[in-house]
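Chains Z and W supply the protein sequences, listed in that same order.
Going by the working numbering, the letters in the first sequence line up with residues 120 to 524, in that order.
Going by the working numbering, the letters in the second sequence line up with residues 213 to 271, in that order.
Accompanying notes for the structure given below.
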Amino acid sequence: MPDTTGPRRTDYCALARELAPGFAERAAEHDATASFPFENIAELVNSGYTAMTVPKEFGGDGASLAELCAAQRILAAACGSTAFTINMHVHGLAMIAKLGGDSAAWACAAVTDGAVISGGFSEPGVGGNWWHPTTRAEEKDGGYLLNGRKEFFTGYPGATHLFMSAATFDDRGLPQPMAFLMPKPKQGIRVTSTWDAAGMRATGSHSLAIEDLFVDRRWAVGERGTLPMLFMADVHWAWCSFASVFVGIARGALEHVVRTQRKRVISVIGKPNAHLPGVQFRVAEMAAKLAAAEAHLDAAVQADHDTVDPLAHYIDMSVMKMSVTRLAHEVVTLGMQVQGGSSLASVDPLQRMYRDVVAGLLVPPATDVVLEWAGKQALGVPIFAEPRWAGCERNDAEDGHAYGS
Amino acid sequence: VSAACEVAGAAGPGYSEQLGWIWQDLKTGPAQPVRGDLALEIIGKATLGLDPAQTPRWL
């Protein structure tokens, strides 16, 4: 439960800075055992951090996207797993709240009282094409019966509520993707595989089987078939906050490398490693790449999100996430080279950051889909035309060239 | 521009020529102040908390 005895905190960056040292201290142990950081999540709930995106009309502070991303960067520098886990909650609630209506009202009330939301949109075999969920929702007795599988259900162990996608099918057999936000059910969900991975090990991103899960109609979020458009219109909350976690890890890595290289003395020069030209040049490359990542993220956070074409907006945000996470990965990789062999040792947090930051390249939006959509848009090729790829062979035969001729 | 040259490679001399001019113009970028190595030296020293103006510059 949130602590309501004192005045409500509204400076989420200051709050993140207060909580970060404790998270950093516990990060190695959670990483080593792949245990879920329940105590970190409890601190985030008790301090009011998890309620940051409850809008003013629902009694909250309505933290902006800029505030959210700035605070998340601070948490991520301390513990990438904790930041990424709570990111699902804070940005997910912002998107639900933006929809308004009954779902927004009860979700905001629940979060104000300490609820923690975990999101599940990834599924085996979907390959990043999230608008084609394979989890089926069939109408039944005032609700829906859900069957399917979910992967990477980040934060599942610590969640009180689940936010997940499923699709009903129309009379032509075409999927109508929709979303549900529900109190975590006691039956109908089975953990098929607990999260045990190379990076982001403390996120509890389990694989789940959804088996005859009955979901009351009141837990539906938005109308049938509207999920893709709703998600695209507010996607800046998702992709900017994702990117902020990995930028935060990269910033944490740079600061850690600088601290180490200023302290560590190399005997042949009798001075700290920081005086070595090679160290200086690589640190400069890290700083330059990090500055580019932060600038792109900040531009996306500050961009016009309201009066733009939803598809162009979605592509802009997706390209940003792809570029920023690639840069973040390069920053930490360079950091390993600066730090040398000792960075591989488990006592050096840099090796954890190195494994965590790789996840940035792999979390949604899928890079191949981003490249497909951004490339088609730039070339004026319809993005949603089906079949998505056919036609090249016929063009080749006709004029000897593929697209671009 | 490098990627554009690859994509346009098979598109005929007109495209390649135009890209060639852009490519050449771009190559003058790194030669403008601040030169790359000096920039890296200053950024690296500043990030590591060292005074970029201190002499001797190296060990």
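Cβ atoms here follow ideal geometry from the backbone N, Cα and C, with glycine treated the same way.
Inter-residue CB distance, residue i and residue j (contact presumed, cutoff 8 Å)
i: Lys-217(Z); j: Gly-239(Z); result: Incorrect: roughly 20 Å between the Cβ atoms, too far for contact.
i: Cys-198(Z); j: Ala-143(Z); result: 6 Å
i: Val-443(Z); j: His-415(Z); result: 5 Å
i: Leu-480(Z); j: His-448(Z); result: 6 Å
i: Val-488(Z); j: Asn-248(Z); result: 7 Å
Neighbourhood of residue i by C-beta, 8 Å cutoff - its chain only, sequence neighbours within 5 removed
i: Ser-200(Z); result: Ala-146, His-149, Asp-150, Pro-156, Met-319, Arg-320, Ala-321, Thr-322 and Asp-475
i: Thr-231(Z); result: Pro-121, Ala-170, Val-173, Phe-177, Gly-178 and Gly-179
i: Gly-219(Z); result: none
i: Thr-254(Z); result: Glu-242, Leu-265, Asn-266, Gly-267, Arg-268, Lys-269, Met-283, Ser-284, Ala-285, Ala-286 and Ile-329
i: Ala-352(Z); result: Pro-429 and His-432
i: Val-451(Z); result: Ile-368, Ala-369, Ala-372, Leu-469, Met-472, Tyr-473 and Val-476
i: Val-384(Z); result: Lys-390, Pro-391 and Asn-392
i: Arg-309(Z); result: Leu-327, Ala-328 and Glu-330
Nearest neighbour of residue i, chosen from the options [CA to CA]
i: Glu-242(Z); options: Gly-367(Z), Thr-129(Z) and Trp-250(Z); result: Trp-250(Z)
i: Phe-350(Z); options: Phe-282(Z), Val-477(Z) and Asn-165(Z); result: Phe-282(Z)
i: Leu-265(Z); options: Val-164(Z), Arg-336(Z) and Ala-414(Z); result: Arg-336(Z)
i: Ser-312(Z); options: Gly-178(Z), Asn-159(Z), Ala-497(Z) and Pro-276(Z); result: Pro-276(Z)
i: Asp-417(Z); options: Gly-367(Z), Ala-161(Z), Phe-203(Z) and Val-377(Z); result: Gly-367(Z)
i: Met-301(Z); options: Thr-345(Z), Ile-215(Z) and Val-245(Z); result: Ile-215(Z)
i: Ile-502(Z); options: Phe-333(Z), Tyr-473(Z), Ile-434(Z) and Leu-187(Z); result: Ile-434(Z)
i: Arg-471(Z); options: Val-488(Z), Cys-227(Z), Asp-423(Z) and His-375(Z); result: His-375(Z)
i: Ser-166(Z); options: Pro-121(Z), Leu-332(Z) and Glu-186(Z); result: Pro-121(Z)
i: Gln-191(Z); options: Ala-202(Z), Leu-373(Z), Phe-400(Z) and Pro-468(Z); result: Ala-202(Z)
i: Ser-183(Z); options: Leu-480(Z), Thr-204(Z), Gly-233(Z) and Ala-213(Z); result: Ala-213(Z)
i: Gly-267(Z); options: Glu-330(Z), Glu-258(Z), Thr-273(Z) and Glu-257(Z); result: Glu-330(Z)
i: Ile-254(W); options: Thr-240(W), Glu-229(W), Glu-218(W) and Trp-270(W); result: Trp-270(W)
i: Ala-412(Z); options: Cys-227(Z), Thr-426(Z), Val-364(Z) and Ala-478(Z); result: Val-364(Z)
i: Pro-484(Z); options: Val-384(Z), Ala-229(Z), Ala-357(Z) and Glu-162(Z); result: Ala-357(Z)
i: Ser-324(Z); options: Val-450(Z), Thr-273(Z), Ala-228(Z) and Val-164(Z); result: Thr-273(Z)
i: Ala-419(Z); options: Gly-371(Z), Glu-162(Z), Ala-189(Z) and Cys-359(Z); result: Cys-359(Z)
i: Glu-258(Z); options: Ala-228(Z), Gly-307(Z), Pro-304(Z) and Arg-343(Z); result: Arg-343(Z)
i: Ala-316(Z); options: Ala-478(Z), Ala-504(Z), Gln-496(Z) and Thr-486(Z); result: Ala-478(Z)
i: Ala-226(Z); options: Tyr-263(Z), Glu-158(Z), Leu-409(Z) and Lys-303(Z); result: Lys-303(Z)
i: Leu-250(W); options: Ala-185(Z), Leu-446(Z), Pro-396(Z) and Arg-378(Z); result: Pro-396(Z)
i: Asn-159(Z); options: Val-482(Z), Pro-252(Z) and Ala-278(Z); result: Ala-278(Z)
beta-carbon residue i near the ligand SAH non-hydrogen atom, thresh 6 Å
i: Ala-170(Z); result: Among the components of this structure there are no ligands whatsoever, and the ligand SAH is therefore not found.
Burial state of residue i, where buried means 16 or more other Cβ atoms lie within 10 Å
i: Gly-221(W); result: exposed
i: Ala-339(Z); result: buried
i: Phe-177(Z); result: buried
i: Trp-233(W); result: exposed
i: Gly-261(Z); result: exposed
i: Leu-268(W); result: First, the amino acid is wrong: residue 268(W) is Pro here, not Leu. Classification of Pro-268(W): exposed, given that the 10 Å Cβ count is below 16.
i: Met-207(Z); result: buried
i: Val-354(Z); result: buried
i: Lys-257(W); result: buried
i: Ala-223(Z); result: buried
i: Ala-216(W); result: exposed
i: Ser-462(Z); result: buried
i: Gln-266(W); result: exposed
i: Pro-506(Z); result: exposed
i: Thr-259(W); result: buried
i: Leu-469(Z); result: buried
i: Val-74(Z); result: Lying before the first or after the last residue shown, residue 74(Z) is absent from chain Z, which here runs from 120 to 524.
i: Val-334(Z); result: buried
i: Leu-498(Z); result: exposed
i: Gly-211(Z); result: buried
i: Ile-205(Z); result: buried
i: Pro-242(W); result: exposed
Own chain partners of residue i with C-beta closer than 6 Å, once the 5 adjacent residues on each side are dropped
i: Ala-509(Z); result: none
i: Gly-179(Z); result: Ala-170 and Val-173
i: Ser-326(Z); result: Glu-270, Thr-311 and Ser-312
i: Leu-453(Z); result: Arg-401, Glu-404 and Met-405
i: Thr-123(Z); result: none
i: Gln-380(Z); result: Asn-392, Ala-393 and Val-398
Neighbourhood of residue i by C-beta, 7 Å cutoff - its chain only, sequence neighbours within 5 removed
i: Ile-193(Z); result: Cys-132, Ala-135, Arg-136, Ala-139 and Gly-367
i: Val-164(Z); result: Pro-121, Gly-233 and Val-235
i: Ala-362(Z); result: Leu-416, Met-439, Lys-440, Val-443 and Thr-444
The region 137-145 of chain Z in contact with the region 295-303 of chain Z per 3-pair CB rule at 8 Å
Output reads no: the region 295-303 of chain Z does not touch the region 137-145 of chain Z.
Whether or not the region 221-241 of chain Z and the region 399-416 of chain Z are in contact is what I'm after, with contact meaning three or more pairs of Cβ atoms, one per stretch, closer than 8 Å; do they touch?
Using a C-beta cut-off of 8 Å, the region 399-416 of chain Z makes no contact with the region 221-241 of chain Z, since fewer than three inter-stretch Cβ pairs fall below that distance.
Stretch-stretch touch, CB-based, cutoff 8 Å, three pairs: the region 124-135 of chain Z with the region 271-290 of chain Z:
Here the region 124-135 of chain Z makes no contact with the region 271-290 of chain Z; the two share fewer than three CB pairs at distances below 8 Å.
Touch test, the region 487-495 of chain Z against the region 423-438 of chain Z, Cβ-Cβ under 8 Å, three pairs minimum:
When Cβ pairs closer than 8 Å are counted between the two stretches, the region 487-495 of chain Z is seen to touch the region 423-438 of chain Z, the count reaching three or more.
If we count Cβ pairs, one from each stretch, closer than 8 Å, do we get three or more for the region 236-248 of chain W versus the region 382-394 of chain Z?
No, they do not touch.
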